[in-house]
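Student: So the sequence shown is numbered by UniProt numbering: it starts at 1 and just counts up by one. Positions of the beta carbon are idealized from the N, C-alpha and C atoms, including for glycine. Encoded as structure tokens, here's the structure I'll be asking about.
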Amino acid sequence: MPTESPYLPPATQPVRGVVWAIHLVLPMLGLWLLLAEPDLNVEWHHNPSHFWMILAVAGVNVALGMLISEASRRRQDARLFLVSMVFLASAGFFFMHGLATPTIILPTGSLGFDLGQQVGLTIASGFAFASALPLGERAARAVLSAQHVIRGVLVGFMILWGSGSLVDGLTPLSEPPLGGFHAWAAWAALPGLVLYVAATVMMFRLHRGRPSAMLVSLLTAYALLAETMVAGMSQLNWHLTWWLWHVLLTFAFGFVAYSAYLQFRREGSSAGLFDSVTLSATVARIQQQYDEALEELVEHVRRGEPMAATRLSGKFRLNEGQAAVLDRAGQALANERELSGRLGALVAVSAHTRVGLPETELLAGALERVRQAFGDVRIGLVSEGRTHIGSRSYAFDGDEPVRRGELLAFPLTVKGRPAGALEVPVGRTPQDEALAATLAGQLSLALENARLYQELDTLFRQYMSPDVAQALLADPSQAALGGQLKELTALFADLKGFTSFSEQVTPGEIVEMLNRYHTAAVPCVLDNGGTIVQFVGDALLALFNAPATQADHAAAACRAALAMQRAAAEIAEEVAWQRAGDVEWPTFRVGVNTGPALVGNIGSPRLRGFNAMGDCVNVAARLQALAEPGTVVIGGTTLQQLGRGAKATPLGRLTLKGKEEKVAAYVLTELP
1 MPTESPYLPP
11 ATQPVRGVVW
21 AIHLVLPMLG
31 LWLLLAEPDL
41 NVEWHHNPSH
51 FWMILAVAGV
61 NVALGMLISE
71 ASRRRQDARL
81 FLVSMVFLAS
91 AGFFFMHGLA
101 TPTIILPTGS
111 LGFDLGQQVG
121 LTIASGFAFA
131 SALPLGERAA
141 RAVLSAQHVI
151 RGVLVGFMIL
161 WGSGSLVDGL
171 TPLSEPPLGG
181 FHAWAAWAAL
191 PGLVLYVAAT
201 VMMFRLHRGR
211 PSAMLVSLLT
221 AYALLAETMV
231 AGMSQLNWHL
241 TWWLWHVLLT
251 FAFGFVAYSA
261 YLQFRREGSS
271 AGLFDSVTLS
281 ATVARIQQQY
291 DEALEELVEH
301 VRRGEPMAAT
311 RLSGKFRLNE
321 GQAAVLDRAG
331 QALANERELS
341 GRLGALVAVS
351 AHTRVGLPET
361 ELLAGALERV
371 RQAFGDVRIG
381 LVSEGRTHIG
391 SRSYAFDGDE
401 PVRRGELLAF
411 PLTVKGRPAG
421 ALEVPVGRTP
431 QDEALAATLA
441 GQLSLALENA
451 RLYQELDTLF
461 RQYMSPDVAQ
471 ALLADPSQAA
481 LGGQLKELTA
491 LFADLKGFTS
501 FSEQVTPGEI
511 VEMLNRYHTA
521 AVPCVLDNGG
531 TIVQFVGDAL
541 LALFNAPATQ
551 ADHAAAACRA
561 ALAMQRAAAE
571 IAEEVAWQRA
581 GDVEWPTFRV
591 GVNTGPALVG
601 NIGSPRLRGF
611 NAMGDCVNVA
621 ARLQALAEPG
631 TVVIGGTTLQ
641 QLGRGAKATP
651 LGRLTLKGKE
661 EKVAAYVLTE
671 LP
């Protein structure tokens, strides 16, 4: 597949780049032609044109230098300060060069004023090179802290140069200009030429990473200033080559001024004219300020304050049109964030609907999340046929909402019947009513699910172990017939003396006795992570490590068994005090064994149950049958998994019904 070409900003696209390069090459071709053909390099001596050109260009330079200097002060940016010094240094010496125009101020000019433009451009080249450097934070601080000293030194040097050039006999600079070509003057221009070329290259690289029209104009100005240094090397005063470097200088600074003018017209403000030229740290700081201002604007808009952007117009120098546009943009962004927040709240409400979560907890959690996005949302549930929210009463005609001022109430339904009302403030965004209706639908579904789960907890969970019920509610496919081989610990318990007790009491007393014992025994199993799979008369079977996985299932089963015996002993004491001399109540005996068993749903497609089958379960039942009332008998495998600290009395190797090999058994008395 063909790959797409990387995007290039307009100024660095190949065609425009070539056109830009041609414009820079043409002056040098013209200079070469004039020097190669002396007949073409004619002399044009017009003093007023020279003077007023110099005055205009120097004025533009000063204006640009002051604008950039002010931007540097406002942004506290070292690069802008250095760029401003390029303009001010060249403006000052160029102006002194203009004063040397013969017959305007001085009769014949002076050497100092004649060389002033080259000196000024050389000094400016140093500032240009420094401005293109990627200054670090420490270097930038050093430049800013020394800016007043740098300006003072520059102004002082210009005053000294001007004085030495004006006062006759004070210095050689006041002597008449030198005529003809002088090699030393040409060589003196080379350092400035090199610095301008380096500054142009570095500015171009900066523009590649941060495209902007102002950077293009600045690097073009640096390139033209380099060409000015080349054109000035000929030293043929008043010839076309001499006028060429004046024109190049005019274009260099005029190009920057024109770019600033176009950007000012486009933006309507001078506040950010030179922001694209600043250091990376300044750009990041400006972006942070804009982000903070936008957040402030959005907050004002969300609070419903009119013309919120006018609060920022002074800080960012916005005109009325820009403030109005920013207000509209802030309103759109605020609406978008409102919409995103409310959609997020709807997703959160949907995720909050979980199996087994009580109705009050579900609604409280949903309200806490929804109020962050929708405002003061309230819910009222039906009571005695009416729905009340505060002092307001609601009755709905089908699914139609009821409006009360800025409040809109939607019915909450469960199985198609009214169950309550959702009251939502609307009017902040155009999507308020639609989102509120969706929220009402989700809360109705959540409320219906909560009540359904509550019914399941009563009608379903109490007929089986919570672990099995939880697994089936989360994944109904687990109810399929079949099983898997898994290591587990089986706990088998029944009541010794149940048969004789049953023969001497009424059926009601039998049920009372069984319920009392099982009420005490069941929590012992469940609290230790066990799953009760069978109640058969006076007996129960519990599994550990099935279906829920337990790392210490043997210890958990033994803790449950000992807890059952303690609970049964307390019941026996209560009964002995209440029924002194009456029929003796049965006593628990418990068997615990660990080993592999087939675990799963056993039965038929129409009726099934969760159970475990295998030698492990059978041995647990046999150990229970051998146990003395009030004791817990465990197998050897179970004792091995308990580790040190468990206290057990060995019963030896016992012969169990249905087992050819004898089984080691122990009476467990204590766990660590």
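1. Can you give me the C-alpha to C-alpha distance between residue 674 and residue 130, rounded to a whole angstrom?
2. Name the two residues that bound the continuous beta strand (DSSP E) containing residue 408.
3. Taking a contact to mean a Cβ-Cβ separation below 8 angstroms, would you say residue 673 touches residue 612 in this structure?
4. Return the bridge partner residues of residue 672 from the DSSP annotation.
5. Below 8 angstroms CB to CB, which residues in the same chain sit around residue 119 once its five sequence neighbours on both sides are set aside?
6. Determine the contact status of residue 57 and residue 250, defining contact as a CB-CB distance below 8 angstroms.
7. Whose CA, out of 592, 602, 515, 621, lies closest to the CA of residue 667?
8. So, at 6 angstroms on beta carbons, what are the nonlocal neighbours of residue 757 in its own chain, with the 5 sequence-adjacent residues on each side left out?
9. By Cβ distance, which residues of its chain are closer than 6 angstroms to residue 617, with the 5 residues on each side in sequence left out?
10. For residue 135, which residues of its own chain have a beta-carbon under 8 angstroms away from its beta-carbon, when the five flanking residues on both sides are left out?
11. Taking C-alpha atoms, which residue in 150, 502, 391 lies nearest to residue 89?
12. Of all Cβ atoms in chain E, is any one closer than 8 angstroms to the Cβ of residue 485?
13. In or out: residue 64 buried (at least 16 other Cβ within 10 Å) or exposed?
14. Using CA atoms only, rank isn't needed, just tell me which of 423, 371, 194 is closest to residue 391.
15. Excluding the five sequence neighbours on either side, which residues of its own chain have a C-beta within less than 7 angstroms of the C-beta of residue 524, listed in chain order?
16. Quick one: is residue 227 buried, meaning 16 or more other Cβ sit within 10 Å of its Cβ, or exposed?
17. Could you check if residue 364 is buried or exposed, using at least 16 other CB atoms within 10 Å of its CB as the buried criterion?
18. Does the distance from the C-beta atom of residue 541 to that of residue 610 stay below 8 angstroms?
19. Runs of 4 residues minimum, wholly inside the segment 57 to 122: which ones carry the alpha helix (DSSP H) assignment?
20. Using the Cα positions of residue 139 and residue 47, report the straight-line distance between them to the nearest angstrom.
21. Decide if the segment 634 to 644 is in contact with the segment 546 to 555; the criterion is three or more beta carbon pairs, one per stretch, under 8 angstroms apart.
22. Where does residue 152 fall in DSSP's three states?
23. Can you tell me which of 658, 166, 632, 588 puts its alpha carbon nearest to the alpha carbon of residue 646?
24. Taking only three categories from DSSP, how would you classify residue 167?
25. Could you say which of 415, 197, 518, 104 lies nearest to residue 124 if we only look at CA atoms?
26. For residue 484, tell me which candidate among 517, 600, 111, 229 has the shortest Cα-Cα distance.
27. If we call anything under 8 angstroms between Cβ atoms a contact, is residue 221 one with residue 256?
28. Return the residue from the list 153, 590, 619 that minimises the CA-CA distance to residue 539.
29. State the DSSP-derived secondary structure class of residue 209, mapped to helix, strand or coil.
30. What does the alpha-carbon distance come out to for the pair residue 400 and residue 416?
31. Sort 421, 594, 397 by Cα distance to residue 382 and report the nearest one.
32. To which residues of the same chain is residue 672 closer than 7 angstroms at the C-beta, ignoring the five residues directly before and after it?
33. Which residues bound the alpha helix (DSSP H) around residue 138?
34. Tell me the DSSP secondary structure of residue 550 in three-state form.
35. Of the choices 99, 627, 603, 276, whose alpha-carbon is the least far from that of residue 217?
36. Please work out which residues of its chain come closer than 7 angstroms, Cβ to Cβ, to residue 572, disregarding the five sequence neighbours upstream and downstream, and give them in chain order.
Tutor: Let's see:
1. Residue coverage of the chain in this structure runs from 1 to 672, which leaves residue 674 outside it and unanswerable.
2. 407 to 414 is the span of the beta strand (DSSP E), which, as asked, contains residue 408.
3. Given that the chain is displayed from residue 1 to residue 672, the structure contains no residue 673 and the question cannot be resolved.
4. Under the DSSP definition of a beta bridge, residue 672 lacks any partner.
5. These residues qualify, in order along the chain: 93, 161.
6. For residue 57 and residue 250, yes; Cβs fall inside 8 angstroms.
7. Taking only the C-alpha atoms, the option nearest residue 667 is 592.
8. It is not possible to answer for residue 757, since the shown part of the chain is limited to 1 through 672.
9. These residues qualify, in order along the chain: 490, 597.
10. Around residue 135: 78, 79, 143, 279.
11. Comparing C-alpha distances from residue 89 to each of 150, 502, 391 shows the shortest one belongs to 150.
12. Absence of chain E from the displayed structure is noted, only one protein chain being present.
13. Burial call: buried.
14. Considering only alpha carbons, the answer is 423.
15. Excluding positions up to five away in sequence, the list reads 560, 563, 564, 567.
16. Per the 10 Å Cβ criterion, buried.
17. Classification of residue 364: exposed, given that the 10 Å Cβ count is below 16.
18. Cβ atoms of residue 541 and residue 610: not closer than 8 angstroms.
19. If we require 4 residues or more, the alpha helix (DSSP H) runs fully inside the segment 57 to 122 come out as 78 to 99.
20. Each residue's Cα considered, the two are about 45 angstroms apart.
21. The segment 634 to 644 is in contact with the segment 546 to 555.
22. Collapsing the DSSP output to three states places residue 152 in a helix.
23. Considering only 658, 166, 632, 588, the residue with the shortest C-alpha distance to residue 646 is 632.
24. Coil.
25. The option with the nearest alpha carbon to residue 124 is 197.
26. Of the residues 517, 600, 111, 229, the one whose Cα lies closest to the Cα of residue 484 is 600.
27. Cβ atoms of residue 221 and residue 256: closer than 8 angstroms.
28. Nearest of 153, 590, 619 to residue 539, Cα basis: 590.
29. Look at residue 209 here: in three-state DSSP terms it is helix.
30. Counting only the Cα atoms, residue 416 lies some 14 angstroms from residue 400.
31. Checked all of 421, 594, 397; the closest Cα to residue 382 is 421.
32. Cβ neighbours of residue 672 beyond the five flanking positions: 645, 646.
33. DSSP places residue 138 in the uninterrupted alpha helix (DSSP H) bounded by 137 to 145.
34. Note: residue 550 maps to coil in three-state DSSP.
35. Of the candidates 99, 627, 603, 276, the one whose C-alpha sits nearest the C-alpha of residue 217 is 276.
36. Same-chain partners within the cutoff: 585, 587.
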